[in-house]
Amino acid sequence: MGATCSTCEATEVAPSTSAASTAKLILPDGKLEEFPRPVKASIVLRKDPGCFICNSDDMEFDGFVSAVSGDDHLLPGRLYFVLPLSSLRRPMQAEEMAALAVRASQALVRTGKTFVVPSPEIFDRTAAEEEEMTGRKRRRRSGPIPFA
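Just so you know, full-length UniProt numbering puts 82 at position 82 of the sequence shown, and the rest follows in order with no gaps.
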């Protein structure tokens, strides 16, 4: 994605008791930060003016990436990504989505959590097959990224 971001500022949080009870934030370097209580996006990104946070549930293939508002809270049970500002408001390609899914999967595996990542070839094959059948491109939605 070109630009790099420094590591997010850590906030004091209590240890988590279950994987679903935390907001999970995947950093550009592949590390995972977890927040057991809602925390404002602006607080998390205080030292990263060249980055923004996006909610994985709002990401779509070939859709524009939008930022979580600085006043919005990162909520337990959700997965978020820190991305460089250069990714903001531009279409997210299937390969980029697959790379983010792999980054999240690796971060969760390192912490002992599970994550299912579909193969990027599935996205390409499905889109190509659909385009061949209908004669037109269709916008693909990623849907929620499952984790436990």
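C-beta: ideal position from N, C-alpha, C; glycine also. Remember, predicted model here, so these are calculated numbers, not experimental data.
So for residue i, helix, strand or coil by DSSP?
i: A67; result: coil
i: L32; result: strand
i: V117; result: With a pLDDT of only 44 at V117, under the threshold of 50, the placement of this residue in the model should not be trusted; the figure read from the coordinates follows. DSSP places V117 in coil when its eight states are reduced to three.
Measure the C-alpha to C-alpha separation of residue i and residue j and round it to an integer number of angstroms.
i: R78; j: T22; result: 7 Å
i: L85; j: T111; result: 27 Å
i: K24; j: V68; result: 14 Å
i: V109; j: E34; result: 14 Å
i: S105; j: I26; result: 10 Å
i: R37; j: P76; result: 6 Å
i: V39; j: G70; result: 10 Å
i: L32; j: V102; result: 13 Å
i: Y80; j: C54; result: 6 Å
i: M92; j: D72; result: 22 Å
i: D48; j: E95; result: 25 Å
Only counting the same chain, and skipping five residues up and downstream in sequence, which positions put a Cβ closer than 6 Å to that of residue i?
i: R89; result: F64
i: A107; result: I26, G30, L32
What does residue i pair with, by DSSP beta-bridge criteria?
i: I26; result: L32, F81
i: K47; result: In DSSP, K47 forms no bridge with anything.
i: F52; result: L83
With a CB to CB cut of under 8 Å and the five nearest residues on each side skipped, what residues in its chain are close to residue i?
i: S66; result: C54, D58, L88, R89
i: S42; result: G70, D71
Could you tell me whether any non-hydrogen atom of the ligand MN is closer than 7 Å to the CB of residue i?
i: R46; result: No copy of the ligand MN appears in this structure; indeed no ligand is present at all.
Whole beta strand (DSSP E) runs in the segment 67-108 with 3 or more residues, listed along the chain? 79-84
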